[in-house]
Amino acid sequence: MPHDGKPLYAARLNSFKVGAEHYWPGKNRITTVDLLERAAAVDGLNAADLNFPDHFEGTGAVELSSAMDRLGVRLNGLAMRYYSDPAFKLGA
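Each residue of the sequence shown is one higher than the one before, counting from 19 in our numbering.
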């Protein structure tokens, strides 16, 4: 999605997991696209921060990009997570 010069109003995507049992009653697995759809419902929000690999598990980059375009949400930031690398145990 091209940047039109408007300021970006972003949120961390994991914030939208809060209250998932009430927002998606009976749903066992919340996907990244579900979280993007919930985020896009916030008036004025037009960007999101994702984590890699977390938000890409079960959802490919092309699918995420397509969903973000459809929802009018831009990628604001991509945080790399190194869960299995002992060198990053205390942080980057």
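Where a beta carbon is used, it is the ideal one built from N, C-alpha and C, also for glycine. These numbers were taken from a predicted model, which means no experiment stands behind them.
Using the rule of at least 16 other Cβ atoms within 10 Å of the residue's Cβ for burial, across every protein chain shown, is residue i buried or exposed?
i: N46; result: exposed
i: F34; result: buried
i: L53; result: buried
i: H73; result: buried
i: L26; result: exposed
i: L31; result: buried
Would you list the one or two residues that DSSP bridges to residue i?
i: N69; result: A97
Measure from the alpha carbon of residue i to the alpha carbon of each residue in the options, then state which is nearest.
i: V91; options: R56, A38, I48; result: R56
i: A59; options: E81, G23, M86, N69; result: M86
What did DSSP end up calling residue i once you bin it into helix, strand or coil?
i: R30; result: strand
i: A38; result: helix
i: R92; result: strand
i: R56; result: helix
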